[in-house]
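K.L.:
When we follow my numbering, the leftmost residue of the sequence shown carries the number 951, and every step to the right adds one.
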Amino acid sequence: MFKKLKNIETAFQHVRLFTIVIVICAFAAIGFMAWQQRVGQDQLQKRIYILAGNTSWAANAADKNAYLPVSAKGHVRAFHELFFTLDPDEKANRRNLTRALDMADESARNIYDSLSVSGYYANVIAGNIRQRIVVDSVQVDTKNEPYRFKCFARLTITRATSQVSQSLVTTGELYEAQHSDNNILGLLIRNWKTIENKLLNINNH
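#1: How about Ser1239 and Phe1099: do their beta carbons lie closer than 9 Å?
#2: Any idea if Gly1122 is buried or exposed, counting beta-carbon neighbours within 10 angstroms, 16 or more meaning buried?
#3: Can the beta-carbon of Ala1054 be found closer than 9 Å to that of Leu1138?
#4: Output the boundary residues of the alpha helix (DSSP H) element that contains Ile1079.
#5: Count Cβ pairs between the region 1013–1033 and the region 1045–1062 that sit closer than 8 Å; are there 3 or more?
#6: Can you tell me which of the three DSSP states Asp1086 falls into?
#7: Among the candidates Leu1124, Asn1046 and Gly1077, whose CA atom is the shortest distance from the CA of Leu1135?
#8: Ignore the nearest five residues each way along the sequence and tell me which others in Thr1106's own chain have a CB closer than 6 Å to its CB.
#9: Rounding to the nearest angstrom, what Cα-Cα distance links Leu1018 and Arg1109 in this structure?
#10: Tell me the DSSP bridge mates of Gly1228?
#11: Is Val1085 closer than 9 Å to Ala1022 when the C-beta atoms are compared?
#12: Does DSSP put Leu1135 in a helix, a strand or coil?
#13: Spatial neighbours of Asp1039 within its chain, please: C-beta separation below 8 Å, excluding the five flanking residues on both sides.
#14: What does Ile1152 pair with, by DSSP beta-bridge criteria?
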């Protein structure tokens, strides 16, 4: 009689242990599935779709520190290309310069005003001059804001009778600003100045 009771008690203990293991495994499986779903949602939220015409392109969001150096260099490069690219076309020049000035503070506006007063832009149109800039490199320290930068470029000024090449080095600081249609990267150039504008060569046609 006692032996039967002992066997029943042992069997009950085995069943209880088995039930506990099953419950723990079930909770572990539910927790794993919930974690997998959360990871999937996070990945989905990081995916961005860029619409261009009737085509959509997928892109992944990244941490600010990962893309900041590239964005900063791109902002500086775009600003210089817009500011220094000139043609004997007043509307095209005004359009580029307006976009450039939206990317910088009054330091760029002051240089623009000085060039305007001196008749520089009028001479470009009257003299049928074409000015182009090639940015060789941009150095940006993105450790702390403001992000100090130095831009190295070559300026080419083409006239009817000659072509002038100049080396151009500028410096300034980058601050984070509001994103807008005119400032997509959300950065602003401040204290911009030219520290070198050296004649390289003159080629007569």
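The C-beta atom is built at its ideal place from N, Cα and C for all residues, glycine as well.
P.N.:
In terms of the structure at hand:
#1: It is not possible to answer for residue 1239, since the shown part of the chain is limited to 951 through 1155.
#2: In the sequence shown, counting from the first residue as 1, residue 1122 sits at position 172. Gly1122 should be labelled buried.
#3: Taking the first residue of the sequence shown as position 1, residue 1054 is located at position 104. Taking the first residue of the sequence shown as position 1, residue 1138 is located at position 188. Yes; because the gap between Cβ atoms is below 9 Å, this pair is in contact.
#4: As a first step, residue 1079 must be located in the sequence shown, where it is residue number 129. Counting along the chain, Ile1079 falls outside any alpha helix (DSSP H), and DSSP gives it neither H nor E.
#5: yes
#6: Position 136 of the sequence shown, counting from 1, holds the residue named residue 1086. Of the three classes helix, strand and coil, the one that applies to Asp1086 here is strand, per DSSP.
#7: By one-based count along the sequence shown, residue 1135 stands at place 185. Answer by Cα proximity: Leu1124.
#8: Mapped onto the sequence shown, residue 1106 falls at position 156. The residues are Arg1082 and Ser1115.
#9: Residue mapping note: residue 1018 aligns to position 68 of the sequence shown, counting from 1. Residue mapping note: residue 1109 aligns to position 159 of the sequence shown, counting from 1. In a straight line, the C-alpha of Leu1018 is about 38 Å away from that of Arg1109.
#10: The structure shown does not extend to residue 1228, since the chain is modelled only from 951 through 1155, so no value can be given for it.
#11: Along the sequence shown, one-based indexing puts residue 1022 at 72. Along the sequence shown, one-based indexing puts residue 1085 at 135. Result no, Cβ atoms of Ala1022 and Val1085 do not sit closer than 9 Å.
#12: Within the sequence shown, numbered from 1, the residue matching residue 1135 stands at position 185. Here Leu1135 sits in coil by DSSP.
#13: Numbered from its first residue, the sequence shown carries residue 1039 at position 89. Here the set comprises Ile1075.
#14: One-based indexing of the sequence shown puts residue 1152 at position 202. Paired residue(s): Val1114.
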